[in-house]
Amino acid sequence: MAEPELDDVFSDDITVPATDGYPLAATLFLPRGTNRHTVLINSATAVPRKLYRGFAGYLATRGCAVLTYDYRGTGDSRQQALTGYNEPKSLVGFKASMSDWAAQDITAAVAWMRERYKALPFAYVGHSFGGQALGLLPNNSEISRALFIAAQAGYWKLMTAPERYRVYAMLNFVGAPLTRALGYMPGKAGLGMDLPKDAFLQWVGWVMSPRYLFDDTRLEALQNFPKYQGALRALCISDDPWATRPAVELLCAGFTSIKPEIITVTPADTGASRIGHMGFFRPEHRGTLWLGAAEWIEAAD
Numbered sequence: 001m002a003e004p005e006l007d008d009v010f011s012d013d014i015t016v017p018a019t020d021g022y023p024l025a026a027t028l029f030l031p032r033g034t035n036r037h038t039v040l041i042n043s044a045t046a047v048p049r050k051l052y053r054g055f056a057g058y059l060a061t062r063g064c065a066v067l068t069y070d071y072r073g074t075g076d077s078r079q080q081a082l083t084g085y086n087e088p089k090s091l092v093g094f095k096a097s098m099s100d101w102a103a104q105d106i107t108a109a110v111a112w113m114r115e116r117y118k119a120l121p122f123a124y125v126g127h128s129f130g131g132q133a134l135g136l137l138p139n140n141s142e143i144s145r146a147l148f149i150a151a152q153a154g155y156w157k158l159m160t161a162p163e164r165y166r167v168y169a170m171l172n173f174v175g176a177p178l179t180r181a182l183g184y185m186p187g188k189a190g191l192g193m194d195l196p197k198d199a200f201l202q203w204v205g206w207v208m209s210p211r212y213l214f215d216d217t218r219l220e221a222l223q224n225f226p227k228y229q230g231a232l233r234a235l236c237i238s239d240d241p242w243a244t245r246p247a248v249e250l251l252c253a254g255f256t257s258i259k260p261e262i263i264t265v266t267p268a269d270t271g272a273s274r275i276g277h278m279g280f281f282r283p284e285h286r287g288t289l290w291l292g293a294a295e296w297i298e299a300a301d
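Counting with UniProt numbering, you get residues 1 to 301 for the letters of the sequence shown.
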């Protein structure tokens, strides 16, 4: 993936402490000129922060200080084994749920950026789960603008066919039994990245529930959804089989203190043959989707 933007910005791999002190691997992108905006990019489930490097670098060329990071137990925030060279530690017994990612990791990343760039407008970019988590954050009132990319209430029946049936079978007949047997979800079984047991099984429970995480009676952090009162734009990609328009609308309906703006984007709008759930972050969208996103973020001036 060509990333010419990274030649024009400063980038530094750093560690950001979670609320409980757990070290999160992160990368800070800074413009060579004046910082005018702050942007936190929050990953989808089982997606490493490196996917967002090109987009983060692009935003930095336009004057944004941008942070990407990996949730605990994933990517470079997975602990290293004591033996072998650069080998990740087993996730067996590693405690981390998706609600932990929100409460401990994302909450800390928001606080870290807010502390360092108090005077700048603060935008939150959430891809898939990264968007879902905004409503769970106790400090989401610190954020002035939130841009959702393919973020949805991911109930399996709201996905398009035949993808919904593949997901149902993968989660229930392969993923859940394998995770319970091994003590973690192996990425080779279909997600591409190993996941902690609690995170994967919590996700399965949400996907099987008609209102997704809103049906989780144990999720006390749902009370934080009304706390968000900033601007919210949700991009719904027309050929995304996961984040369909009804699924995006269901997630946005949880933000009861505001009126989210939902925009449907088609591949034809960008001159592309397909976009899908992950394609927004491909550099071919630099002059279309990325430009539109950046201009919306910068409207906080």
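Where a beta carbon is used, it is the ideal one built from N, C-alpha and C, also for glycine. The structure presented is a predicted model; accordingly, all values stated were derived computationally and were not measured.
**Message:** Distance check for residue 134 and residue 254, CA to CA, integer angstroms please.
**Reply:** The residue given as residue 254 occupies position 254 in the sequence shown. The residue given as residue 134 occupies position 134 in the sequence shown. Computed Cα separation, rounded: 11 Å.
**Asked** Taking contact to mean at least 3 C-beta pairs separated by less than 8 Å, is the stretch 152-171 in contact with the stretch 200-214?
**Response** yes
**Prompt:** How about residue 109 and residue 16: are their beta carbons less than 7 Å apart?
**Reply:** The count along the sequence shown starts at 1 and reaches residue 109 at position 109. The count along the sequence shown starts at 1 and reaches residue 16 at position 16. Result yes, Cβ atoms of residue 109 and residue 16 sit closer than 7 Å.
**Asked** Excluding the five sequence neighbours on either side, which residues of its own chain have a C-beta within less than 7 Å of the C-beta of residue 239, listed in chain order?
**Response** For the purposes of this step, residue 239 is identified with residue 239 of the sequence shown, where counting begins at 1. So the qualifying residues of the chain are 267, 274, 275, 276.
**Asked** Where DSSP assigns a beta bridge to residue 41, which residues make up the other side?
**Response** Within the sequence shown, numbered from 1, the residue matching residue 41 stands at position 41. 125, per the DSSP bridge assignment.
**Prompt:** Roughly how many whole angstroms lie between the Cα atoms of residue 8 and residue 66?
**Reply:** Along the sequence shown, read from residue 1 onward, the residue named residue 8 stands at position 8. Along the sequence shown, read from residue 1 onward, the residue named residue 66 stands at position 66. Approximately 14 Å, taken between the alpha carbons.
**Asked** Excluding sequence positions up to five away, which residues of its chain have a Cβ less than 6 Å from the Cβ of residue 261?
**Response** As a working note, residue 261 is residue 261 in the sequence shown. Here the set comprises 233.
**Request:** Would you decide whether residue 42 is buried or exposed? Buried here means 16 or more other CB atoms lie within 10 Å of its CB.
**Result:** For the purposes of this step, residue 42 is taken as residue 42 along the sequence shown, with counting starting at 1. Result: buried.
**Request:** Compare the Cα-Cα distances from residue 30 to each of 44, 14, 50, 61 and report the closest residue.
**Result:** Stepping through the sequence shown from its first residue, residue 30 is reached at position 30. Of 44, 14, 50, 61, the residue nearest in Cα terms is 61.
**Item:** residue 1 classed as buried or exposed, judged by whether at least 16 other C-beta atoms fall within 10 angstroms
**Value:** Taking the sequence shown and counting its residues from 1, one reaches residue 1 at position 1. With a pLDDT of 42 at residue 1, under the threshold of 50, the modelled position of this residue cannot be trusted; read the value that follows with caution. Exposed, by the Cβ-count rule.
**Message:** Relative to the C-alpha of residue 264, which candidate in 149, 119, 283 has its C-alpha closest?
**Reply:** Taking the sequence shown and counting its residues from 1, the one referred to as residue 264 is at position 264. The shortest Cα separation from residue 264 among 149, 119, 283 belongs to 149.
**Asked** In the DSSP assignment, what residue or residues form a beta bridge with residue 11?
**Response** Position 11 of the sequence shown, counting from 1, holds the residue named residue 11. Answer is 29, bridged to residue 11.
**Which listed residue (54, 80, 285, 175) has its alpha carbon closest to that of residue 271** = The residue given as residue 271 occupies position 271 in the sequence shown. It is 285 whose Cα lies nearest to the Cα of residue 271.
**Request:** Between the Cα of residue 187 and those of 14, 25, 45, spot the shortest distance and give me the residue it belongs to.
**Result:** Against the sequence shown, residue 187 aligns to sequence position 187. If we check each option's Cα against that of residue 187, 45 comes out closest.
**Prompt:** In whole angstroms, what separates the C-alpha of residue 230 from that of residue 56?
**Reply:** Taking the first residue of the sequence shown as 1, we reach residue 230 at position 230. Taking the first residue of the sequence shown as 1, we reach residue 56 at position 56. The straight-line gap from Cα to Cα measures roughly 22 Å.
**Message:** Can you tell me whether residue 234 is helix, strand or coil according to DSSP?
**Reply:** Sequence index remark: in the sequence shown, residue 234 carries index 234 (1-based). If DSSP states are grouped into helix, strand and coil, residue 234 belongs with the strands.
**Asked** Can you tell me whether DSSP reads residue 229 as helix, strand or coil?
**Response** Counted from its first residue, the sequence shown places residue 229 at position 229. Coil at residue 229, not helix or strand.
**Item:** CA nearest to the CA of residue 119, picked from 283, 64, 180
**Value:** Indexing the sequence shown from 1 puts residue 119 at position 119. Ranking 283, 64, 180 by Cα distance to residue 119 puts 64 first.
**Message:** Determine whether the beta carbon atoms of residue 97 and residue 199 lie at a separation below 7 Å.
**Reply:** The residue given as residue 97 occupies position 97 in the sequence shown. The residue given as residue 199 occupies position 199 in the sequence shown. Their beta carbons are under 7 Å apart, which means residue 97 touches residue 199 by this criterion.
**Boundaries (first-last residue) of the beta strand (DSSP E) holding residue 174** = Residue numbering aside, residue 174 sits at position 174 when the sequence shown is read from its first letter. Here residue 174 belongs to no beta strand (DSSP E), and DSSP marks it neither H nor E.
**Item:** Enclosing beta strand (DSSP E) for residue 69 [first to last residue]
**Value:** Within the sequence shown, numbered from 1, the residue matching residue 69 stands at position 69. It spans 64-69 - the beta strand (DSSP E) in which residue 69 sits, taken as one unbroken run.
**Prompt:** Secondary structure at residue 297, three-state DSSP: helix, strand or coil?
**Reply:** Walking along the sequence shown from the start, residue 297 turns up at place 297. Three-state DSSP puts residue 297 in a helix.
**Message:** At the 7 Å Cβ level, is residue 179 part of the contact set with chain B, yes or no?
**Reply:** Absent from the structure: chain B. Only one protein chain is present.
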